[in-house]
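Comments concern the structure below.
In the working numbering, the protein residues as written are 203 to 490.
As structure tokens, then:
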């Protein structure tokens, strides 16, 4: 009798473990709606996938308790409805420099810089230092538009693109200027020694144009930010750059920090980066 009870307990625990594991694997994010998950299960790819993602990113979303979002063209007559909302460039800078990337440093604060891969402390600033809700001296640290402003599209308002947090990161001001609107790539020959050796600037592999190479830990973030921006705003990625970005996407996969950032941006502006939530989507699109 005791043996029978023990066997039953083992079976129950085993089934419970399997159910928990399956639940973790099938966790869904309400934001994407029913049609996205249906299409994903059916193997959607390329242009069809791009079209579906554009609909998710640009449409209105009606939140439904315990269910997936209902994705609609208008909020009129709907319940709890939201969409991607441009928060403005000033608010975006405060979010990044005075909140998300702000860390406590002794008696003051510091801001993490992704191009130098270090923290800018109070000692680095002659002007306004970092603090909660504050934009520090932009001669020391600034906000990088991973998709350069000079390459924005006219099909969408500049302010929406400029303030889109999914492609904005805090960077050393000098390196921000050096990168300019140059493409990302892997440097084969340095054209200058940068103050922060974690990043490089020079000629790309196979003697291509001048490129900027960010730190290894930021390469995947760059790739996924540009994949997102390409889909969200109907902007093509140069073929040579795309090859490198795909490589970085695979070599520097999504981590917990990137997931947390995506969640916080969703709270701030009402949309998500699908290439962070579903890293496999990049391989389902043959040409960005």
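Note that the Cβ used here is the ideal one computed from N, Cα and C, for glycine as well.
In DSSP terms, what residue i is bridged to
{"i": "residue 310", "result": "307"}
{"i": "residue 344", "result": "373"}
{"i": "residue 150", "result": "Because the chain is modelled from 203 through 490, residue 150 falls outside the range shown and cannot be assessed."}
{"i": "residue 262", "result": "274"}
{"i": "residue 392", "result": "404"}
{"i": "residue 322", "result": "313"}
Exposed unless 16 or more other CB atoms sit within 10 angstroms - verdict on residue i
{"i": "residue 469", "result": "exposed"}
{"i": "residue 286", "result": "buried"}
{"i": "residue 353", "result": "exposed"}
{"i": "residue 406", "result": "buried"}
{"i": "residue 467", "result": "buried"}
{"i": "residue 489", "result": "exposed"}
{"i": "residue 325", "result": "exposed"}
{"i": "residue 393", "result": "exposed"}
{"i": "residue 246", "result": "buried"}
{"i": "residue 276", "result": "exposed"}
{"i": "residue 294", "result": "buried"}
{"i": "residue 373", "result": "buried"}
{"i": "residue 444", "result": "buried"}
{"i": "residue 387", "result": "buried"}
{"i": "residue 482", "result": "exposed"}
{"i": "residue 381", "result": "buried"}
Helix, strand or coil at residue i [DSSP, three-state]
{"i": "residue 352", "result": "helix"}
{"i": "residue 404", "result": "strand"}
{"i": "residue 380", "result": "helix"}
{"i": "residue 449", "result": "helix"}
{"i": "residue 317", "result": "coil"}
{"i": "residue 421", "result": "helix"}
{"i": "residue 284", "result": "strand"}
{"i": "residue 397", "result": "coil"}
{"i": "residue 295", "result": "helix"}
{"i": "residue 485", "result": "helix"}
{"i": "residue 241", "result": "helix"}
{"i": "residue 229", "result": "coil"}
{"i": "residue 436", "result": "coil"}
{"i": "residue 257", "result": "helix"}
Rounded separation between residue i and residue j - CA only
{"i": "residue 379", "j": "residue 398", "result": "13 Å"}
{"i": "residue 440", "j": "residue 355", "result": "15 Å"}
{"i": "residue 421", "j": "residue 362", "result": "24 Å"}
{"i": "residue 348", "j": "residue 240", "result": "32 Å"}
{"i": "residue 438", "j": "residue 331", "result": "38 Å"}
{"i": "residue 312", "j": "residue 333", "result": "8 Å"}
{"i": "residue 281", "j": "residue 395", "result": "56 Å"}
{"i": "residue 283", "j": "residue 258", "result": "13 Å"}
{"i": "residue 463", "j": "residue 316", "result": "14 Å"}
{"i": "residue 419", "j": "residue 252", "result": "27 Å"}
9 Å Cβ cutoff, residue i in contact with chain B
{"i": "residue 470", "result": "In the structure shown, chain B cannot be found, because there is only a single protein chain."}
Residue i CB to nearest heavy atom of the ligand FMN below 8 Å
{"i": "residue 467", "result": "The model on display carries no ligand, and the ligand FMN is accordingly not part of it."}
Check whether the stretch 293–301 touches the stretch 262–273, counting contact only when three or more Cβ pairs, one atom from each stretch, lie closer than 8 Å. no
Please confirm if the stretch 235–242 is in contact with the stretch 271–288, defined as three or more CB-CB distances below 8 Å between the two stretches. Touching, per the Cβ criterion.
Does the stretch 426–435 come within contact of the stretch 330–340, defined as at least 3 CB pairs closer than 8 Å? The stretch 426–435 vs the stretch 330–340: no contact.
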